[in-house]
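Take a look at the structure set out below.
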Amino acid sequence: MKRIVSVLVFFFGVSVIYAQTAETTAPQLDGIIKNIAADLNKRLDAEGAQKAAVRQFAFQDGLSSLGSYWSTQLIQELAAIPNRSWTLLSGPALDTDWTISGEIVEIVNTVRVYTRLIRSRDRSIIASIQFDFSRDPFIAKLLADGGR
């Protein structure tokens with residue numbers, strides 16, 4: 000029994016180390032964004048939302064490929080949710096009840112993406128979800144591309 004526990008602890012330790020050093024990939028980003036979209040959908044349903052729109056995710060007061068990818072993929076995931084009780088609007092829809100937007104912040108070797116659900120009528124932040132990434136080559140390239 001001790002041997003089995005030791006082997007399990009070893010493999011768990013190796014998987015944790017691998018998870019911390021592995022480079023980010025687009026499918027990993029997609030999975031993270033899909034989970035965030037599901038959380039936002041639940042919150043919008045709970046709030047009785049009618050209309051919502053996704054805005055840009057800013058990085059250093061500008062755009063980055065990571066921000067563009069994040070907002071585009073978030074739109075894709077929200078649009079794919081079946082039987083939504085609210086309408087997802089595109090473009091600069093000014094008459095939305097809810098806005099989903101955020102920002103990307105770089106802290107040493109960590110990149111944090113904040114995703115916020117904002118009630119449009121009074122600009123109240125109803126929910127904020129954050130996710131951290133290591134500043135690996137993939138993420139660094141998405142930040143350096145400036146929205147291209």
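Quick note on numbering that gives the first Met the number 0: the sequence shown kicks off at 0 and runs consecutively. The beta carbon of each residue, even a glycine, is placed where N, CA and C say it ideally should be. Since the structure is predicted, the reported quantities are computational estimates derived from the model, not experimental observations.
Query: Relative to the C-alpha of Thr71, which residue among Leu88, Ala45, Arg83 and Asp60 is closest?; Result: Leu88
Query: Relative to the ligand MG, is the shortest distance from any of its heavy atoms to the C-beta of Ala36 smaller than 7 Å?; Result: The ligand MG is absent from the structure shown, which contains no ligand whatsoever.
Query: Using DSSP with H/G/I as helix, E/B as strand and the rest coil, what is Gln49?; Result: coil
Query: If we ignore side chains and look at the alpha-carbon of each, how far apart do Thr86 and Ala48 end up?; Result: 8 Å
Query: Would you kindly report the start and end of the unbroken alpha helix (DSSP H) that includes Trp69?; Result: Ser64 to Ala78
Query: For Asp60, which three-state DSSP category applies?; Result: coil
Query: In the DSSP assignment, what are the bridge partners of Ile124?; Result: Ile117
Query: Are there 16 or more other CB atoms within 10 angstroms of the CB of Glu22, so buried, or fewer, so exposed?; Result: exposed
Query: Helix or strand or just coil, what does DSSP make of Asp94?; Result: coil
Query: Helix, strand or coil for Asp144? Go by DSSP, reduced to three states.; Result: coil
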